[in-house]
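Participant:
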Amino acid sequence: MKTGVIGLGAMGMPMALNLHRAGHLYSIWNRTRSKAETVARETGCLLADTIKQLAGACEMIITCVSRDTDVLEIINAIATSIKPDTIVVDTSTVSADTAKKAAARLSAKGACFLDGPVSGGVEGASKGTLAMMIGGEEPVLERARSTLTAIAANIVYMGPAGSGQATKAVNQHMAAGINQAVTEALAFGKSLGLDMNKVVDVISSGACSNWFLQHRGKSMLAGNYEPGFKLSLHHKDLEIVKSMGNNSTGMALPMVEMTLIHYQQLMEEGFGDEDISALFRLKQGT
Ligand code: NAP
Numbered sequence: 004m005k006t007g008v009i010g011l012g013a014m015g016m017p018m019a020l021n022l023h024r025a026g027h028l029y030s031i032w033n034r035t036r037s038k039a040e041t042v043a044r045e046t047g048c049l050l051a052d053t054i055k056q057l058a059g060a061c062e063m064i065i066t067c068v069s070r071d072t073d074v075l076e077i078i079n080a081i082a083t084s085i086k087p088d089t090i091v092v093d094t095s096t097v098s099a100d101t102a103k104k105a106a107a108r109l110s111a112k113g114a115c116f117l118d119g120p121v122s123g124g125v126e127g128a129s130k131g132t133l134a135m136m137i138g139g140e141e142p143v144l145e146r147a148r149s150t151l152t153a154i155a156a157n158i159v160y161m162g163p164a165g166s167g168q169a170t171k172a173v174n175q176h177m178a179a180g181i182n183q184a185v186t187e188a189l190a191f192g193k194s195l196g197l198d199m200n201k202v203v204d205v206i207s208s209g210a211c212s213n214w215f216l217q218h219r220g221k222s223m224l225a226g227n228y229e230p231g232f233k234l235s236l237h238h239k240d241l242e243i244v245k246s247m248g249n250n251s252t253g254m255a256l257p258m259v260e261m262t263l264i265h266y267q268q269l270m271e272e273g274f275g276d277e278d279i280s281a282l283f284r285l286k287q288g289t
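Using the working numbering, the first residue of the sequence shown is number 4, and each one after it goes up by one.
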């Protein structure tokens, strides 16, 4: 399918390159045009001047931008020119309500929307091995699936519009707990005077092994907090999780509340654009 990508950030850029390698990339657009120019040069794809131009020319559109308002803004622009039956897959992490609004907006144009948030980090995006959780209509996913396999190794249908984002909220909730556990335990290990690289290696081969420890353990110990996944974006996700807890389930989410406080402090200290592993700064008091 002629596929367009909107949003060439840490995640969208490698997704676009994988779509190109699989022969699907047709057009790209990015707010900061210079990033799109680089990709257009590398791939030979059409660099769209506007979202409207891209949307009118593609059979499938993948969006990957930051926040709820960004997604809705882009869906509105797409809706000005999208053709019936075109499929839009939003891979950003936003609320289930935003996904439902986007689905309704595009349905009014005869087009299709899937919420398809992803997990697997920039490493998974580069390798094309992301996990993708899909909300929307299942037959639409089946039309999109062969193209989506260029960016994701596990694509799972979760239910109607918003179900993908609800699943991603569970993922982001869990990521907060893992970040809390890994950064605090590594700060504790460091305070014991252990050889921390050996600690990461041996724990990574045991029952406490996890993606975050394996991919961010040694970099945080070296004081390298380059994203990765920006702390301010995870803060945005945890606000979504908190509001889902308050509004939908009434469930108390103490780990989410605590992580929001910690991230807020780090953002106020100017670390919002660092990787979420910068929580290690706070745990070791630096
Ligand atoms: P990023 O590197 O900050 O990139 C954000 C992208 O969105 C950029 O291309 C940016 O354009 C574009 N954008 C933001 N606001 C926009 C607007 N109003 N209009 C048009 N374009 C806009 O972020 P990322 O890490 O790729 O994350 C993107 C999404 O994926 C987020 O929702 C995030 O939560 C989610 N996610 C991230 C990861 C991860 O590990 N990084 C993993 C899974 C999911 P400019 O280039 O002009 O700034």
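Just so you know, even glycine gets a beta-carbon here, dropped at the ideal spot from N, CA and C.
Closer than 7 Å: is that where the CB of S207 sits relative to any heavy atom of ligand 2?
Facilitator: Among the ligands in the structure shown, ligand 2 does not appear; only ligand 1 can be found there.
Participant: At which residue ranges does the segment 225–253 contain complete alpha helix (DSSP H) runs of 4 or more residues, listed in the order of the chain?
Facilitator: 234–247, all fully within the segment 225–253.
Participant: Assess, as a yes-or-no matter, whether the segment 62–72 is touched by the segment 85–94 under the definition of 3 or more beta carbon pairs within less than 8 Å.
Facilitator: Short answer: they touch.
Participant: Three-state secondary structure (DSSP) at I181?
Facilitator: Along the sequence shown, one-based indexing puts residue 181 at 178. Here I181 sits in helix by DSSP.
Participant: Say the cut is 7 Å; is the CB of K38 nearer than that to a heavy atom of ligand 1?
Facilitator: As a working mapping, residue 38 is identified with position 35 in the sequence shown. Yes.
Participant: Could you tell me the distance, in whole angstroms, from the CA atom of L22 to the CA atom of V259?
Facilitator: If you number the sequence shown from 1, residue 22 lands on position 19. If you number the sequence shown from 1, residue 259 lands on position 256. Rounded to the nearest angstrom, the two C-alpha atoms are 35 Å apart.
Participant: Just the Cα atoms here: how many angstroms apart are L256 and H27?
Facilitator: Translated into positions along the sequence shown, residue 256 becomes position 253. Translated into positions along the sequence shown, residue 27 becomes position 24. Looking at the two C-alpha atoms, the distance is approximately 41 Å.
Participant: Express the C-alpha separation of G209 and F215 in angstroms, rounding to a whole number.
Facilitator: Mapped onto the sequence shown, residue 215 falls at position 212. Mapped onto the sequence shown, residue 209 falls at position 206. C-alpha separation (whole angstroms): 14 Å.
Participant: Of all the options R219, L50 and M18, which has the alpha carbon lying nearest to the alpha carbon of S30?
Facilitator: Locating residue 30 in the sequence shown gives position 27, where the first residue counts as 1. It is L50.
Participant: Examine ligand 1 and report whether any of its heavy atoms sits within less than 7 Å of the Cβ of F283.
Facilitator: Walking along the sequence shown from the start, residue 283 turns up at place 280. No, since every heavy atom of ligand 1 falls outside the 7 Å radius drawn around the Cβ of F283.
Participant: Can you say whether M135 is buried or exposed, counting buried as having 16 or more other CB atoms within 10 angstroms of its CB?
Facilitator: Counted from its first residue, the sequence shown places residue 135 at position 132. Result: buried.
Participant: According to the neighbour-count rule (16 or more other Cβ atoms, all chains shown, within 10 Å of its Cβ), is M14 buried or exposed?
Facilitator: As a first step, residue 14 is located in the sequence shown; it is residue number 11 there, counting from the start. Looking at its Cβ environment, which holds 16 or more other Cβ atoms inside 10 Å, M14 is buried.
Participant: Using 8 Å as the threshold, is the C-beta distance between F232 and G124 below it?
Facilitator: On the sequence shown, residue 232 is found 229 positions in, with the first residue counted as 1. On the sequence shown, residue 124 is found 121 positions in, with the first residue counted as 1. Taking 8 Å as the Cβ cut-off, F232 and G124 qualify as a contacting pair.
Participant: Out of M247, E76 and V159, point me to the one whose CA is closest to H176's CA.
Facilitator: As a working mapping, residue 176 is identified with position 173 in the sequence shown. Of the candidates M247, E76 and V159, the one whose C-alpha sits nearest the C-alpha of H176 is M247.
Participant: Can you tell me whether N33 is buried or exposed? The criterion is at least 16 other CB atoms within 10 Å of its CB, across all chains shown.
Facilitator: Taking the first residue of the sequence shown as 1, we reach residue 33 at position 30. N33 is buried by the Cβ-count criterion.
Participant: Ordered along the chain, which non-local residues of its own chain (more than five positions away) have a Cβ less than 7 Å from that of T101?
Facilitator: Here residue 101 refers to the residue found at position 98 of the sequence shown. Answer for T101: D71, V74 and L75, listed in chain order.
Participant: Need the endpoints of the beta strand (DSSP E) that F116 sits in, please.
Facilitator: Sequence index remark: in the sequence shown, residue 116 carries index 113 (1-based). C115 to D118 is the span of the beta strand (DSSP E), which, as asked, contains F116.
Participant: Please report how far the alpha carbon of K201 lies from the alpha carbon of K221, in whole angstroms.
Facilitator: Counting from one through the sequence shown, the residue named residue 201 turns up at place 198. Counting from one through the sequence shown, the residue named residue 221 turns up at place 218. If you take the alpha carbons of K201 and K221, they lie about 10 Å apart.
Participant: Can you give me the C-alpha to C-alpha distance between Q217 and A111, rounded to a whole angstrom?
Facilitator: Counting from one through the sequence shown, the residue named residue 217 turns up at place 214. Counting from one through the sequence shown, the residue named residue 111 turns up at place 108. Computed Cα separation, rounded: 45 Å.
Participant: Please say whether L109 and I137 have beta carbons closer to each other than 8 Å?
Facilitator: Within the sequence shown, numbered from 1, the residue matching residue 137 stands at position 134. Within the sequence shown, numbered from 1, the residue matching residue 109 stands at position 106. In this structure, L109 does not lie closer than 8 Å to I137 by Cβ.
Participant: Quick one: what does DSSP say G162 is sitting in, helix, strand or coil?
Facilitator: On the sequence shown, position 159 is the one that residue 162 refers to. Strand, per DSSP.
Participant: Quick check: the Cα distance between S280 and P17, rounded to an integer number of angstroms?
Facilitator: Numbered from its first residue, the sequence shown carries residue 280 at position 277. Numbered from its first residue, the sequence shown carries residue 17 at position 14. Going by the C-alpha atoms only, they are around 21 Å apart.
Participant: Over the uninterrupted alpha helix (DSSP H) stretch that includes A39, give me the two end residues.
Facilitator: To locate residue 39, count along the sequence shown from 1; it is residue 36. Counting along the chain, the alpha helix (DSSP H) containing A39 begins and ends at R36 to T46.
Participant: I want to check one thing, is the minimum distance from the CB of S98 to the heavy atoms of ligand 1 below 7 Å?
Facilitator: If you number the sequence shown from 1, residue 98 lands on position 95. No, Cβ of S98 sits at least 7 Å from all heavy atoms of ligand 1.
Participant: Thinking C-alpha only, which one of Q56, Q287 and G10 is nearest Q183?
Facilitator: Looking up residue 183 in the sequence shown gives position 180. The residue with the shortest Cα to Cα distance from Q183 is Q287.
Participant: Mind checking whether K171 and T96 have CB atoms under 8 Å apart?
Facilitator: Here residue 171 is taken as the residue at index 168 of the sequence shown, counted from 1. Here residue 96 is taken as the residue at index 93 of the sequence shown, counted from 1. A contact, by the Cβ cut-off of 8 Å.
Participant: Per DSSP, which one or two residues make a beta bridge with T66?
Facilitator: In the sequence shown, residue 66 corresponds to position 63, counting from 1. In DSSP, T66 forms a bridge with I9 and D93.
Participant: Report buried or exposed for L57, applying the criterion of at least 16 other Cβ atoms within 10 angstroms of its Cβ.
Facilitator: Residue 57 sits at position 54 when you count from the first residue of the sequence shown. Burial call: buried.
Participant: Excluding five sequence neighbours on each side, which residues of the same chain lie with their C-beta closer than 8 Å to the C-beta of G192?
Facilitator: One-based indexing of the sequence shown puts residue 192 at position 189. Excluding positions up to five away in sequence, the list reads M199 and V202.
Participant: At the level of alpha carbons, what is the spacing between L224 and A107?
Facilitator: Counting from 1 along the sequence shown, the entry for residue 224 is found at position 221. Counting from 1 along the sequence shown, the entry for residue 107 is found at position 104. Spanning the two alpha carbons is a distance of roughly 46 Å.
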